[in-house]
Amino acid sequence: MSNQIIFIGGIHGSGKGTICSRICSEISIEHYSASDILKWDEESQDLQNKKVKDIPNTQIKLLRGLAGLVTNGKVLLDGHFCLLNSASEIETIPYTIFSKINPTAIGVVLDDPSHIVNRLKKRDSQNYPIDLLSRMQEVEYERAKEVSKLLKVPFCEIRHEITGIVNTIKKL
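This is the structure we're talking about:
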C-alpha cells in the first residue's frame, strides 16, 4: 500500500468536512472522515455530544479501519489532534497514532470560536462554552504543529482559504 495521507485536523464544528469537500472539488483526491471510519455512534456515550469514552482504544480502531479503507494514492483524512474525554477534559491524541498514520502533510482548520459554538448548536443541539472551544482549538493547533515538526512533514493553517493546502498536496 503506497499511501500519501494528508491529515486535516480541527475541533468539532470547525468546518473540516466543508474544507475537505472544497479541496476535493479542486483536486482529485479521496476523502475519509475519522468519525465515519469509527462509526461515531459506537464511540460516543451520547450522539448529541462529542465526548469519547476511551480515546486510546478509539484511535486503535481508527488505525485498523484506515488500513482496511485506504488504497494507493493521495487521501485526505479528517480527524482530531485532541478530543474531549468523558470527564469533559481536553485530551491530546498520542503522537504514536500519528506516527502510524504516517501523514505526508498536516493541515489544521481554524475558525472563530463563536462560529463554532453556533455550528455545534445547530448541528448537534449542544451549547458548548466558548472558552472551552477556544482552549480546545488552541490545543488542536499546537498539537498539529508539534506532530508536523516531529514527523518532519509540511504544516498548513487553514482558515477559509484552501490555496495553501491545495498547493502543498499538489507538490507531494
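Residue numbers (the working numbering): 807 to 978. Positions of the beta carbon are idealized from the N, C-alpha and C atoms, including for glycine.
- Take the alpha-carbon of Val972 and the one of Pro960: they are about 12 Å apart.
- Judged by DSSP in its simplified three-state form, Ala911 adopts strand.
- Residue burial is scored here from C-beta neighbours: Ile964 has at least 16 other C-beta atoms within 10 angstroms and is therefore classed as buried.
- Secondary structure note for Val972: its alpha helix (DSSP H) is the uninterrupted segment Thr969 to Lys977.
- In the three-state reduction of the DSSP assignment, Asp884 falls in the strand class.
- When Arg941, Lys867 and Leu869 are compared, the shortest CA-CA separation from Pro919 is found for Arg941.
- Apart from the 5 residues on each side of it in sequence, Glu832 sits with its Cβ closer than 6 Å to the Cβ of Val972 in its chain, given in chain order.
- Ile835 sits in coil when the DSSP states are folded into three classes, being neither helix nor strand.
- In the DSSP annotation of this structure, the continuous segment of the beta strand (DSSP E) that includes Gln810 starts and ends at Asn809 to Gly815.
- For the options Ser931, Asn809, Ile817 and Thr910, the alpha carbon positioned closest to that of Phe887 is the one of Ile817.
- By a beta-carbon distance limit of 8 Å, Gly913 contacts Ile814. Their separation comes to about 5 Å.
- Per the coordinates, the alpha-carbon of Lys859 lies some 17 Å from the alpha-carbon of Ile903.
- Taking all protein chains shown into account, Leu978 has fewer than 16 neighbouring C-beta atoms within 10 Å of its C-beta and is therefore exposed.
- In this model, Ser834 and Glu944 are separated by some 31 Å (Cα to Cα).
- Taking all protein chains shown into account, Glu946 has 16 or more neighbouring C-beta atoms within 10 Å of its C-beta and is therefore buried.
- The residues His837, in chain order, have a CB closer than 6 Å to that of Cys830 in the same chain once the five nearest residues on each side in sequence are set aside.
- DSSP places Gly879 within a strand segment (E or B) once states are collapsed to three.
- An exposed status is given to Lys955, since fewer than 16 other beta-carbon atoms sit within 10 Å of its beta-carbon.
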